[in-house]
Each structure stands twice: as C-alpha cells, then as structure tokens.
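Novice: Basically the numbering used here = 1-based index in the sequence shown + 234.
Virtual Cβ for every residue (Gly too), placed ideally from N, Cα, C.
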Amino acid sequence: MSADSSRVIESWASLLVRSREGDSLAFEELLRACERRVLTIAFQITGNLQDAQDVAQESFLRVYRSRDRFQDGRSFEAWLYRIVVNQARKSLARRRKRGMRSLEEAGVENFRDLSRPDPAQSAVAGDLSDKVVKLLQELSPRLRTVFILRDLQGMETAEIALILSRTETTVRRHSADARIRMRRLLEERHPGNFRQKVEKD
Numbered sequence: 235m236s237a238d239s240s241r242v243i244e245s246w247a248s249l250l251v252r253s254r255e256g257d258s259l260a261f262e263e264l265l266r267a268c269e270r271r272v273l274t275i276a277f278q279i280t281g282n283l284q285d286a287q288d289v290a291q292e293s294f295l296r297v298y299r300s301r302d303r304f305q306d307g308r309s310f311e312a313w314l315y316r317i318v319v320n321q322a323r324k325s326l327a328r329r330r331k332r333g334m335r336s337l338e339e340a341g342v343e344n345f346r347d348l349s350r351p352d353p354a355q356s357a358v359a360g361d362l363s364d365k366v367v368k369l370l371q372e373l374s375p376r377l378r379t380v381f382i383l384r385d386l387q388g389m390e391t392a393e394i395a396l397i398l399s400r401t402e403t404t405v406r407r408h409s410a411d412a413r414i415r416m417r418r419l420l421e422e423r424h425p426g427n428f429r430q431k432v433e434k435d
C-alpha cells in the first residue's frame with residue numbers, strides 16, 4: 235500500500251473517530267470522502283446502478299450504527315469494504331429471488347444522466363467498458379468480488395484476504411481463476427476487441 239493511500243485511510247478513520255466523539259459534521263465528511271469508491275465497488279459487484287446505490291446507502295447506515303464498535307488500530311478501509319461486499323452479495327441474492335433484471339434495463343446507459351454525476355461516473359472508472367461490466371456478471375459472486383478488488387480496484391492480496399476473511403492463498407487462487415474466466419469470456423464474446431487489446435499490450 236502506498237504512503238498516499240495510507241494517509242487517506244488514516245483520514246477516513248479519524249473522521250469516524252471524530253463522529254463518534256460528537257462531531258456532527260465528521261460523518262458527512264466521511265461519507266463524501268468514501269462515497270465514490272463505495273459506489274464503484276457496489277456497482278461492479280451488482281452490475282446495477284439502482285442496486286449499487288441501495289448497497290452504498292445501507293453500507294453507510296451500518297457504518298454509522300456500528301461506529302462505536304470500530305476498534306482503533308484496525309484497518310478502516312478493510313472494515314468498510316467488508317460491509318460493502320457483504321451488502322452487495324445480499325443484494326445479488328435478493329435479485330436472484332425476484333428474477334434477474336438485465337443490465338440494459340438497469341441503466342448502464344443512464345450513468346451520464348444522473349443529477350450526481352461524479353459517483354456514477356466513478357462506477358466505470360479505469361476505462362471499465364460496458365462490455366466488461368456485463369461479463370463480470372457471468373462470474374460467480376466469489377470470483378467476481380476478488381477480480382474487482384484486485385484487478386479493478388488495485389488492492390493487495392493481503393487487503394483482500396482481510397476484507398473477505400479468507401487466506402491469501404485462497405485469494406490468489408480465486409484471482410487466477412477469475413482472470414482465466416474473464417480472458418475466455420473476452421475471447422469468446424469480443425474476439426476482435428480482445429485481439430486489439432493484446433496487440434496494444
């Protein structure tokens with residue numbers, strides 16, 4: 235983890251501490267600081283903007299309610315992202331029960347029309363194309379989560395293991411499986427684009 239990243243995490247944790255000590259504005263600052271990253275992860279896991287917004291809202295509500303239980307010295311980032319991942323998985327389970335809505339209906343195209351564009355635009359940060367977003371939904375929730383955290387969010391194996399409560403060996407195995415699966419899906423569904431990417435690389 236870079237020094238800059240560490241400073242950001244310390245800042246987030248300090249905002250939470252200030253909030254539970256009675257600073258009424260600190261939690262709003264924390265929400266603004268984390269919102270973009272949380273919404274990005276939630277969208278990449280659920281593949282659905284409405285669900286991602288619900289996940290983000292529920293995640294922040296749980297952070298607020300549990301702020302007194304956060305232990306100083308722990309990684310705030312890992313704690314936060316564990317909550318987000320768990321809420322996103324619950325959202326996927328609920329969606330399976332009520333029937334899968336297509337990504338086209340869900341509104342990948344509507345990102346640019348939101349009244350709050352910054353968090354929405356961040357959901358496709360890193361040149362994540364609509365095609366890749368759709369392919370992610372074909373991975374199992376377990377592989378998808380690891381692929382997102384490692385390959386799209388750039389987290390270290392140790393961080394992901396902490397977030398998911400898995401061993402680093404398990405994370406590496408899931409990461410390798412997810413990369414193989416994504417590569418095959420790209421080759422099968424978008425061979426032209428995939429060849430162009432390989433040639434550029």
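Sorted by chain position, which residues of the same chain lie with C-beta nearer than 8 Å to His-424's C-beta, five sequence neighbours on each side aside?
Specialist: Lys-365
Novice: With a Cβ-Cβ cutoff of 8 Å, do Val-289 and Leu-314 count as a contact?
Specialist: no
Novice: Which residue marks the beginning of the alpha helix (DSSP H) containing Arg-270, and which one marks its end?
Specialist: 260-280
Novice: Grouping DSSP H, G and I as helix and E and B as strand, with all else coil, what is Glu-422?
Specialist: Reduced to three states, the DSSP call for Glu-422 is helix.
Novice: Is there at least one Cβ from chain C nearer than 8 Å to Leu-250's Cβ?
Specialist: In summary, chain C is missing from the structure at hand, where a single protein chain is found.
Novice: When you compare each of Gly-281, Lys-324, Ile-279, Ser-374 to Arg-415 by their alpha carbons, which one comes out closest?
Specialist: Ser-374
Novice: Please state the DSSP three-state secondary structure of Thr-401.
Specialist: coil
Novice: Could you spell out where the alpha helix (DSSP H) holding Asp-302 opens and where it closes?
Specialist: No alpha helix (DSSP H) contains Asp-302, which DSSP labels as neither H nor E.
Novice: Does DSSP classify Thr-391 as helix, strand or coil?
Specialist: helix
Novice: Apart from the five residues just before and just after Arg-329, which ones in its own chain have a Cβ nearer than 8 Å to its Cβ?
Specialist: Thr-280, Asn-282, Asp-285, Arg-335
Novice: I need the straight-line Cα distance from Arg-299 to Ser-325, nearest angstrom please.
Specialist: 20 Å
Novice: Taking 8 Å as the limit between beta carbons, can you name the residues of its chain near Ala-392, skipping five residues before and five after?
Specialist: Glu-402
Novice: Which residues in the same chain as Val-380 place their Cβ atom closer than 8 Å to its Cβ, once the five residues preceding and following it in sequence are excluded?
Specialist: Ile-394, Leu-398, Val-405, His-408, Ser-409, Ala-412
Novice: Given a threshold of 16 other Cβ atoms within 10 Å of its Cβ, counted over all protein chains shown, does Leu-295 qualify as buried or as exposed?
Specialist: exposed
Novice: Taking the C-alpha atoms as reference points, what is the distance between Gln-305 and Leu-419?
Specialist: 42 Å
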